[in-house]
Structures are given as structure tokens and as C-alpha cells.
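Protein sequence lines, in the order shown, are assigned to chains A and B.
Going left to right, the first sequence walks through residues 402 to 528 as my numbering numbers them.
Going left to right, the second sequence walks through residues -14 to 244 as my numbering numbers them.
Don't be surprised by glycine CBs; every beta carbon is placed ideally from N, CA and C.
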Amino acid sequence: MIKDEILTKKPIAILEKIEESLERLNQKMEVIIEIQKNGNDNQRSALALPDASLDVMTLLSMPDHLRKTAMAICRCVHATAEEIAGQTSRARAVESAYLNQLVIMGYLKKERKGRKAYFYVDRETQG
Amino acid sequence: MSKIIAVHSYKGGTGKTLLSVNLAATFAKLGKKVAVFDLDFRAPSLFSILKAENVEYWLNDYLNNTCDAEKVLVDLSSKISGNGKFFAGLANPSTEAIRDMSAKDRKWEMRALGRLLALKETLLVDQKFDYLFFDTSPGLQYSSINAIVAADFVVVATTGDRSDVDGTKRMLLELYNLFEKKTGLVLNKVLDSSATAKKTEMSNKIKTVYHVPMLGIVPCFCEILRAEGNLIFVEDKPDHPFTKIVAEMARKIENNEVN
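This is the structure in C-alpha cells:
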């Protein structure tokens, strides 16, 4: 019984790591696709602003598709792409792409807890 | 369902404070637990209107993160008849506080938005408030837009003034629409709106001009001007037509009938 557990645990752990890596790769791909789809010169120049803060004037100047995601994360404080998708009624993969785009732009922070990625507005250090 | 309601307008003097206080008081008279917050930090007025005494903490302190939301609430339930609860969160009227609030930067405004959004959890969920009213400053001020973003519903007060009509139309299109906010329009200080046919005609005309639902039409009442912003009208004059109009607005909000 114990031997069986040892034999099955290791492959499962390896598979979980592979799945996590694939998930991360997938998210990066989604961001690249999304930036290619919606990106324009203004957006590109807005990427990674050193003083990026998610205040209402920033929200107003955002493109509609990103504003919807940003508004949802403002309401949730701390959420996964799936939770944001529940609020915006858009697909999880789409929200994941937009959230990652907001992370790249410097408006959100991202942290991993186990297999889940959480996004949040860092109000203490931003700005 | 509990809600945060922001009362906003393009121009000053459209009756935002009158509407905020009297809508909140109407809900309190119906037995609800309500709070009205003064977010007009450049020209605070609730302090004088509600004649609050011995205020220890201001809304400014809560937004500055130096006290909890509960500390800001002044219990004014004794000013209202019935079993409801009526609280106020007041803006500090001192010149120094007004100057301080005018000099806040984007980082502070972003945190202030977080503090306003947090009221949903601390007051609506934990303290079981039914309604929170945000009385805002006119136009596109940071504090007003923060209030609009944090609100579930926006009451837009307007008058027949040409510049107000144009500005309100622009604001509806370029502000509330972008934030996907549910709005209800109140046309205030209307001359000669007594006849029912005239009211319907006016309501239809407004829907065509603004493309948003009507919450109510308020005629120009001399009694309100005579009161000099000195009273909670719905409490002091329960049989006045204004009280009935505000009660009808409250009913529409409560039943989600603004469409």
C-alpha cells in the first residue's frame, strides 16, 4: 500500500508541475495575442509606466475592454481570473489575458497560491 | 437589496444635497438603516444642514486611513420619526481641511477609492445598513468620480438651464456610460409641471434628450427656498408635495423600477 503511494505520488507531482508550467505559458501566449489584437501605439507607450496607479482618471482613459476588467478587480480587491470572469460574463481565458496585460502595464500585482493565480491592486506601494 | 447611491450633477445648485438628505431621510422613516456621506470636500454643507454637534471624526479622517468607518458615523436618528436609523458621515468644513483635501495626489485618490469601495463590506454587509448615500461635488472632480465608481446607482440631478442640459448629456455619455453605471435622472426646479399630461410629455422629452430613465420631476417650490437649506424637509413637512415626490423616488429605487 505504502509502496503504491510512493510510486504514484512522484509522477502526479511531476504532472502537476508540467500543468502549472503549461498554464503559465498559456497565460503569456494570451497576453501576447491580446496585445497584438487590441494594442495600439498609445497602449504600447502606456506599458510598464513607472508611476502607474489605478485611479479613476486612469480607468476613464483605458480602452473599454480593459476598463471592464480593471473595474471588476477594484470591486473584488483580490481575485482569480475565474472570479473576474464571473463578474464580467466573459471567458476566463479572456479575463486572464486582460489581467496579465494590466500586470504588465504596472496597474496590478499577481501572486500564486498553490495552483491558483491571484490578481490585486497594490494600493500601498503604487503611484 | 442594500445599495450605495451617489447623487451627482454637472453644475452646482441643482439640489444634490437636498435630494441626498431627503431621500436618505425618507428611507429612514420607512424603517431602514441609512447613512448619508458628504463627499463635497471643497464646499462641505451637511455639517450645517444636519446641525451635527460634537463631531469627533470626519469622513476626511476615514479616507486618510486614520480611523474606521464606524467612528465617522454620527447618529442623527432622533431627528427622524419612526424606527429607522439615520446616520451621517460629514466632511470637515474647516478651511485647513478643505485646503488639505484639494491638494491630494493621484496615489491618495486611488487609496480613497479603495476606502469607499470597502464601505460595501464594512457598512452594508457587516453593519447591515440598507442604503448609503454619497452627496458629491458637481462636475468631474476626483472625489465625485470615486463616489460614482463605488456606487451601485447614480441619481443625476439637473435643471432646465441650457449649459446644465448640455453638460449633463456629455457627462452621461462620457462618464456614467464608460463606467456602465445604472442612472436615474431627476429634473429639479421645474416651472409649471402640475398637470399630469404635462408631466408625461416632459418625462418623454427627457428620455429622448438624455437617453436615461427618469427618477422624478421636482417643481420649483418656494417653501424649499424659504427653508434656506435648514431642514430635513420630508420630516418637517410630511404632507408637502415635495415629500410625496421624494417618497415616490424612494419607492422606485427600492423596487428597482427606474427604467
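In the pairwise beta carbon analysis, the segment 75 to 83 of chain B is classified as not touching the segment 509 to 517 of chain A: fewer than three pairs are separated by under 8 Å. Within the same chain, and ignoring the five residues on either side of K192/B in sequence, the residues whose Cβ sits closer than 8 Å to its Cβ are P198 and M199.
For the segment 90 to 110 of chain B, residues whose beta-carbon sits nearer than 7 Å to a beta-carbon of chain A comprise R91, K92, E94, M95, R96, L98, G99 and L102. Spanning the alpha carbons of K105/B and I415/A requires a straight line of approximately 43 Å. For P204/B, the enclosing beta strand (DSSP E) begins and ends at M199 to P204. Counting every other CB atom within 10 Å of its CB across the protein chains shown gives H196/B a total below 16, marking it as exposed.
Restricting attention to alpha helix (DSSP H) runs no shorter than 4 residues, the segment 38 to 100 of chain B encloses them at 44 to 48, 54 to 57 and 80 to 87, ordered along the chain. Look at D221/B here: in three-state DSSP terms it is helix.
Taking a C-beta distance under 8 Å as the contact criterion, I(-10)/B and F138/B qualify as a contact pair. Residues of chain A with a Cβ closer than 9 Å to the Cβ of Y127/B are, in chain order, D456, V457 and M458. Nearest CB-CB separation between F164/B and chain A: below the 8 Å threshold.
In chain order, V19, S62, I65, G67, G69, K70 and F71 place their CB closer than 8 Å to the CB of A13/B, counting only its own chain and leaving out the 5 sequence neighbours on each side.
Under a criterion of Cβ atoms nearer than 7 Å, the residues of chain B adjacent to L461/A are, in order, L163. Between V219/B and A54/B, the C-beta gap is not smaller than 8 Å, which leaves the two residues out of contact. In the structure shown, Y116/B falls within a strand segment according to DSSP collapsed to helix, strand and coil. Residue state for N241/B is assigned as coil, using DSSP reduced to three classes. Under the three-state reduction of DSSP, L176/B is assigned to coil, being neither helix nor strand. Across the segment 468 to 487 of chain A, CB contacts with chain B closer than 9 Å involve R468, K469, M472, C475, R476 and V478, in sequence order along the chain. If you draw a straight line from the Cα of R100/B to the Cα of L160/B, it comes to about 21 Å. Exposed is the label assigned to T185/B, since fewer than 16 other Cβ atoms lie within 10 Å of its Cβ. Between R524/A and chain B, the shortest Cβ-Cβ separation is below 8 Å. Just measuring C-alpha positions, the residue of D221/B, L75/B and D115/B sitting nearest E239/B is D115/B.
A distance of 8 Å or more separates the beta carbons of L75/B and D111/B. The beta-carbon separation of V141/B and S(-6)/B, rounded to 6 Å, stays under the 8 Å limit for a contact.
Here T(-1)/B carries a coil assignment [DSSP, helix/strand/coil].
Per DSSP, reduced to three states, the secondary structure at E106/B is helical. Shortest Cα-Cα distance from A73/B to any of P29/B, K229/B and V134/B involves P29/B.
A straight-line Cα-Cα distance of about 56 Å links G201/B and E420/A. In this structure, the alpha-carbon of V150/B lies about 16 Å from that of T168/B. For E512/A, the three-state secondary structure derived from DSSP is strand. No Cβ-Cβ contact shorter than 8 Å links T143/B with N189/B.
With a threshold of 8 Å between beta carbons, I34/B makes no contact with chain A.
E417/A counts as exposed, since fewer than 16 other C-beta atoms from the protein chains shown sit within 10 angstroms of its C-beta. Contact of N49/B with chain A by beta-carbon distance below 7 Å is absent, the smallest such distance being about 13 Å. Taking 8 Å as the cut-off, the beta carbon of L467/A is found closer than this to the beta carbon of Y499/A. Membership of F32/B in the alpha helix (DSSP H) is indicated by the continuous run L31 to I34.
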